[in-house]
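Following: one structure in structure tokens, then a few remarks.
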Amino acid sequence: MAGLPDTEVSCVHPGWPVLRGRGEVLRSYALIMANTDYIQFFLTDVEVSVMADTALVTCTENILSGAPAEEEGQLGPLVGQLVVATNVFRRTEDGWKVWSHHGSPVLAESDDEEPGGPEGPADDGLLPG
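Heads up: the sequence shown begins at 1 in UniProt numbering, then just goes up one per residue.
Quick look at the structure:
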């Protein structure tokens, strides 16, 4: 079983274009980490499916990150974000390797908004009501 060619690896961070190639993907993570004072991931809703040498993992990434602090030695304001992620892994001679990662932001509804908009789901003309 051969390893994956570097050019076959891809990654989509929320709001970013598709990144292709191991070097470009690693640089993107280095850039994110270099510009983030604090970051922590809590994974929920994890689902795993394996077929032969390919695995699909979907999850919700509950991300807590810290913005730059105004004063040295202090943590800046914390920001929470939800991202749904799809990860494809391939089994190689060296073990399981990430083949593709795609993260999309979860857009939260405001507390005073009903699902489907202010009028509710039946008022969009698609559902009987």
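Even glycine gets a Cβ: it sits at the ideal position worked out from N, Cα and C.
Only a predicted model underlies this, so the values are computations on that prediction, with no experimental measurement involved.
Just to confirm my understanding: we take residue i, look at its own chain, exclude 5 residues before and 5 after, and list those with CB closer than 6 Å. What are they?
i, result
"Val-9", "Arg-22 and Val-25"
"His-101", "Cys-11 and Asn-87"
"Glu-46", "In the sequence on display, residue 46 carries Val and not Glu. So the list reads Cys-59, once near-sequence residues are dropped."
"Ala-67", "Gly-76 and Pro-77"
CB-CB under 7 Å to residue i, same chain, minus the five flanking residues each way: which ones, in chain order?
i, result
"Phe-42", "Asn-62"
"His-13", "Ser-28 and Gly-103"
Taking the straight line between their C-alpha atoms, what separation do you get for residue i and residue j?
i, j, result
"Thr-92", "Val-98", "10 Å"
"Leu-107", "Val-84", "10 Å"
"Pro-105", "Gln-74", "28 Å"
"Ala-55", "Thr-44", "18 Å"
"Asp-94", "Ile-32", "27 Å"
"Pro-17", "Asn-35", "19 Å"
"Gly-15", "Ala-30", "17 Å"
Count the other C-beta atoms from every protein chain shown that fall within 10 angstroms of the C-beta of residue i, then say buried if there are 16 or more, exposed otherwise.
i, result
"Leu-64", "exposed"
"Leu-19", "buried"
Select from the options the residue whose C-alpha is nearest the C-alpha of residue i.
i, options, result
"residue 130", "Ala-34, Glu-72, Glu-70 and Thr-58", "Residue 130 cannot be examined here, being either before or after the span of the chain that is shown, 1 to 129."
"Ser-49", "Pro-105, Gly-15 and Arg-90", "Arg-90"
"Gly-80", "Gly-95, Gln-40, Ile-32 and Glu-72", "Gln-40"
"Glu-72", "Leu-78, Trp-96, Ala-52 and Asp-37", "Asp-37"
"Glu-109", "Leu-82, Pro-68 and Leu-78", "Leu-82"
"Trp-96", "Asn-35, Ala-52, Leu-31 and Ala-30", "Ala-52"
For residue i, which residues from the same chain have a beta carbon less than 8 Å from its beta carbon, with the 5 sequence-adjacent residues on both sides left out?
i, result
"Glu-70", "Gly-76"
In chain order, what are the residue ranges of uninterrupted alpha helix (DSSP H) at least 4 long that sit wholly in the UniProt domain "SnoaL-like" (8–106)? 22–34
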